[in-house]
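Q: Each residue of the sequence shown is one higher than the one before, starting from 40 at the first, in my numbering. Just so you know, even glycine gets a beta-carbon here, dropped at the ideal spot from N, CA and C. Okay, handing you the structure first.
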Amino acid sequence: MRPFRFGLQVARADSRASLADAARQAEDLGFATLQVPDHLLDVLPPLLPLVTAAEATTTLRVGTLVLNNDLRHPVLLAREAAAVDMLTDGRLELGVGAGHAEPEYRSIGLPFDRPAVRVERLGEALGLLDRLLRGEEVTFTGRHYRVEAHRVHPLPVQRPRPPLLVGGGNRRLLADAARVADIIGLTGTGRTMADGQSHEPTGFPAAAVDERVALIRRAAGERWPDLELHCLVQAVVQTDDRRGSAERLARRLPPLTPADVLDSPFLLVGTVDSMVEDLQARRERFGISYVTVRPDARDVLVPVIGRLAGT
Numbered sequence: 040m041r042p043f044r045f046g047l048q049v050a051r052a053d054s055r056a057s058l059a060d061a062a063r064q065a066e067d068l069g070f071a072t073l074q075v076p077d078h079l080l081d082v083l084p085p086l087l088p089l090v091t092a093a094e095a096t097t098t099l100r101v102g103t104l105v106l107n108n109d110l111r112h113p114v115l116l117a118r119e120a121a122a123v124d125m126l127t128d129g130r131l132e133l134g135v136g137a138g139h140a141e142p143e144y145r146s147i148g149l150p151f152d153r154p155a156v157r158v159e160r161l162g163e164a165l166g167l168l169d170r171l172l173r174g175e176e177v178t179f180t181g182r183h184y185r186v187e188a189h190r191v192h193p194l195p196v197q198r199p200r201p202p203l204l205v206g207g208g209n210r211r212l213l214a215d216a217a218r219v220a221d222i223i224g225l226t227g228t229g230r231t232m233a234d235g236q237s238h239e240p241t242g243f244p245a246a247a248v249d250e251r252v253a254l255i256r257r258a259a260g261e262r263w264p265d266l267e268l269h270c271l272v273q274a275v276v277q278t279d280d281r282r283g284s285a286e287r288l289a290r291r292l293p294p295l296t297p298a299d300v301l302d303s304p305f306l307l308v309g310t311v312d313s314m315v316e317d318l319q320a321r322r323e324r325f326g327i328s329y330v331t332v333r334p335d336a337r338d339v340l341v342p343v344i345g346r347l348a349g350t
């Protein structure tokens with residue numbers, strides 16, 4: 040069983056100083072990672088801020104949660120990622136997903152292919168990223184990408200390469216991730232919209248998470264013990280009235296029931312004590328030990344981090 044660690048997702052900053060301050064505070068409060076999402080509207084671009092965050096801190100890891108694969112050719116991404124890992128002294132976690140926000144595709148005239156195509160393209164990209172970031176010279180011809188004798192320089196600091204985090208809920212995506220990634224980000228209860236903050240409810244009960252974890256385990260085979268499972272907690276409500284708060288959240292997240300809300304690894308509702316107990320129970324049930332929240336939940340989570348981080 041992996042020890043707990045916690046990430047903070049930061050989508051906005053008004054200046055270099057404010058971003059650096061957010062990173063320092065995250066480190067001081069016990070967060071292990073600062074992560075930036077990838078959206079085209081009103082949020083930070085994902086890679087450059089990671090260098091500033093690392094420069095302002097000493098141990099804080101930095102990462103993307105997650106990059107839209109369709110916005111970057113994997114060779115170009117591998118080059119950028121290797122440089123970021125070098126500039127952050129080996130603190131990068133590279134998170135990638137298949138993309139899902141159709142309005143963003145439309146806003147730049149990019150075709151929004153059906154999920155099967157986007158997931159297949161991500162699968163090819165993951166293979167290329169894995170090889171390129173290991174320093175291999177890569178020649179590849181697939182359905183979506185063609186690469187001739189390319190090698191990344193300079194190489195990343197981390198060996199054999201920076202950790203790859205793959206996020207999503209699609210079954211094929213998770214199976215592909217299980218064979219290549221180091222961290223698998225499970226998603227549920229809603230899709231992040233183009234503003235990087237709001238969500239479109241989709242519903243994803245705990246039983247569906249059980250099924251996805253079983254799929255990952257089968258696909259990973261001998262890699263399973265080395266995988267780290269991650270989730271972005273999309274709502275954190277500190278309250279003495281768990282039931283009432285769960286009922287209110289369920290009305291916002293159809294078709295989830297109040298019981299689904301309390302069981303979901305993507306939601307935290309209750310006192311600090313109950314949140315600690317819920318996270319421990321979810322690690323036991325699902326294997327999720329890496330948990331990210333957004334800034335509005337940062338301070339609520341600090342006492343939880345104090346009790347769980349590293350245990």
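Only counting the same chain, and skipping five residues up and downstream in sequence, which positions put a Cβ closer than 7 Å to that of proline 199?
A: Within the sequence shown, the letter at position 160 stands for residue 199. Correct list, in chain order: Arg173.
Q: At the level of alpha carbons, what is the spacing between glycine 227 and leucine 292?
A: The residue you call residue 227 lines up with position 188 of the sequence shown. The residue you call residue 292 lines up with position 253 of the sequence shown. Rounded to whole angstroms, glycine 227 to leucine 292 spans 11 Å at the Cα level.
Q: Measure the alpha-carbon distance for aspartate 169 versus glycine 283 and round it to whole angstroms.
A: Taking the sequence shown and counting its residues from 1, one reaches residue 169 at position 130. Taking the sequence shown and counting its residues from 1, one reaches residue 283 at position 244. Looking at the two C-alpha atoms, the distance is approximately 46 Å.
Q: Looking at the structure shown, is threonine 98 part of a helix, part of a strand, or coil, going by DSSP?
A: As a first step, residue 98 is located in the sequence shown; it is residue number 59 there, counting from the start. In the structure shown, threonine 98 sits in coil (DSSP, three-state: anything other than H, G, I, E or B).
Q: Quick check: proline 76 and leucine 104, are their CB atoms within less than 7 Å of each other?
A: Position 37 of the sequence shown, counted from the start, is the residue given in the question as residue 76. Position 65 of the sequence shown, counted from the start, is the residue given in the question as residue 104. Yes. Within cutoff.
Q: Are glycine 136 and glycine 206 close, meaning C-beta to C-beta below 7 Å?
A: Here residue 136 corresponds to residue number 97 of the sequence shown, with the count starting at 1. Here residue 206 corresponds to residue number 167 of the sequence shown, with the count starting at 1. Yes, Cβ-Cβ distance for glycine 136 and glycine 206 is below 7 Å.
Q: Do glutamate 141 and the ligand GTP come close, with the Cβ less than 6 Å from some heavy atom?
A: Of ligands this structure carries none, so the ligand GTP is not represented either.
Q: In this structure, what does DSSP give as the bridge partners for leucine 307?
A: Indexing the sequence shown from 1 puts residue 307 at position 268. According to DSSP, which records beta bridges pairwise, leucine 307 is partnered with Val275.
Q: Sort Asp53, Thr97 and Gly208 by Cα distance to proline 84 and report the nearest one.
A: Along the sequence shown, one-based indexing puts residue 84 at 45. Nearest of Asp53, Thr97 and Gly208 to proline 84, Cα basis: Asp53.
Q: According to DSSP, is phenylalanine 325 part of a helix, a strand, or is it coil?
A: Here residue 325 refers to the residue found at position 286 when the sequence shown is read from its first residue. If DSSP states are grouped into helix, strand and coil, phenylalanine 325 belongs with the helices.
Q: Given that a residue counts as buried once 16 or more other Cβ atoms are within 10 Å of its Cβ, and exposed if not, what is isoleucine 223?
A: As a working mapping, residue 223 is identified with position 184 in the sequence shown. Counting Cβ neighbours within 10 Å, isoleucine 223 comes out buried, since at least 16 surround it.
Q: Here's a check: name, in chain order, each residue in its chain whose Cβ is nearer than 6 Å to the Cβ of glycine 235, leaving out the five neighbours to either side.
A: In the sequence shown, residue 235 corresponds to position 196, counting from 1. For glycine 235, the predicted structure reports a pLDDT of 47, less than 50, and the residue's modelled location is therefore unreliable. The matter cannot be settled from this model.
Q: Residue ranges of each alpha helix (DSSP H) run of no fewer than 4 residues wholly in the region 125–190, ordered along the chain?
A: 141–146 and 154–172, all fully within the region 125–190.
Q: Just curious, the beta strand (DSSP E) that glycine 283 is in, first and last residue?
A: Residue 283 sits at position 244 when you count from the first residue of the sequence shown. Looking at the DSSP string, glycine 283 is not in any beta strand (DSSP E); the run it does join, the alpha helix (DSSP H), is 281–291.
Q: Roughly how many angstroms lie between the CA atoms of alanine 216 and arginine 256, to the nearest whole one?
A: Translated into positions along the sequence shown, residue 216 becomes position 177. Translated into positions along the sequence shown, residue 256 becomes position 217. Their Cα atoms are separated by approximately 11 Å.
Q: Could you pull out every residue in the same chain whose Cβ sits closer than 6 Å to the Cβ of arginine 333, ignoring the five residues on either side in sequence?
A: Looking up residue 333 in the sequence shown gives position 294. So the qualifying residues of the chain are Gln48.
Q: Does glutamate 316 pass the burial test, meaning 16 or more other C-beta atoms within 10 Å, or should it be called exposed?
A: Against the sequence shown, residue 316 aligns to sequence position 277. Burial call: exposed.
Q: By the 10 Å Cβ neighbour count, where 16 or more other Cβ atoms means buried, how is serine 303 classified, buried or exposed?
A: Indexing the sequence shown from 1 puts residue 303 at position 264. Serine 303 comes out buried.
Q: Please report how far the alpha carbon of alanine 56 lies from the alpha carbon of alanine 65, in whole angstroms.
A: Taking the sequence shown and counting its residues from 1, one reaches residue 56 at position 17. Taking the sequence shown and counting its residues from 1, one reaches residue 65 at position 26. Taking the straight line from one Cα to the other gives about 14 Å.
Q: Kindly indicate which residue of Val158, Arg287 and Thr178 has the alpha-carbon position closest to the one of leucine 167.
A: Against the sequence shown, residue 167 aligns to sequence position 128. That would be Thr178, whose Cα lies nearest to the Cα of leucine 167.
Q: Any idea what DSSP makes of leucine 104, helix, strand or coil?
A: If you number the sequence shown from 1, residue 104 lands on position 65. Note: leucine 104 maps to coil in three-state DSSP.
Q: Cβ of leucine 306 within 7 Å of Cβ of alanine 274?
A: Residue 306 sits at position 267 when you count from the first residue of the sequence shown. Residue 274 sits at position 235 when you count from the first residue of the sequence shown. Going by C-beta atoms, leucine 306 is nearer than 7 Å to alanine 274.
Q: Under 7 Å, do threonine 350 and proline 42 count as touching if we go by C-beta distance?
A: Counting from 1 along the sequence shown, the entry for residue 350 is found at position 311. Counting from 1 along the sequence shown, the entry for residue 42 is found at position 3. Yes, Cβ-Cβ distance for threonine 350 and proline 42 is below 7 Å.
Q: Which residue wins for smallest C-alpha separation from glutamate 132, given the options Leu340, Asp335, Gly138 and Asp221?
A: Taking the sequence shown and counting its residues from 1, one reaches residue 132 at position 93. With distances taken between Cα atoms, glutamate 132 lies closest to Asp221.
Q: For glycine 208, which three-state DSSP category applies?
A: Locating residue 208 in the sequence shown gives position 169, where the first residue counts as 1. Looking at glycine 208 - three-state DSSP - the assignment turns out to be coil, as it is neither helix nor strand.
Q: Locate the beta strand (DSSP E) running through glutamine 48, then write down its first and last residues.
A: In the sequence shown, the residue the question calls residue 48 occupies position 9. Unbroken beta strand (DSSP E) run through glutamine 48: 44–48.
Q: Between which two residues does the alpha helix (DSSP H) carrying glutamine 74 extend?
A: Along the sequence shown, one-based indexing puts residue 74 at 35. Unbroken run through glutamine 74 is the beta strand (DSSP E), 72–75; no alpha helix (DSSP H).
Q: According to DSSP, which residues form a beta bridge with valine 330?
A: On the sequence shown, residue 330 is found 291 positions in, with the first residue counted as 1. DSSP lists Phe45 and Cys270 as partners of valine 330.
Q: Suppose the cutoff is 8 Å on Cβ atoms and the five residues either side in sequence are ignored; what does the same chain contact list for glutamate 175 look like?
A: Counting from one through the sequence shown, the residue named residue 175 turns up at place 136. Excluding sequence neighbours, glutamate 175 sits near Arg190.
Q: Could you tell me if glycine 326 is buried or exposed, where buried requires 16 or more neighbouring beta carbons within 10 angstroms of its beta carbon?
A: As a working note, residue 326 is residue 287 in the sequence shown. That one is buried.
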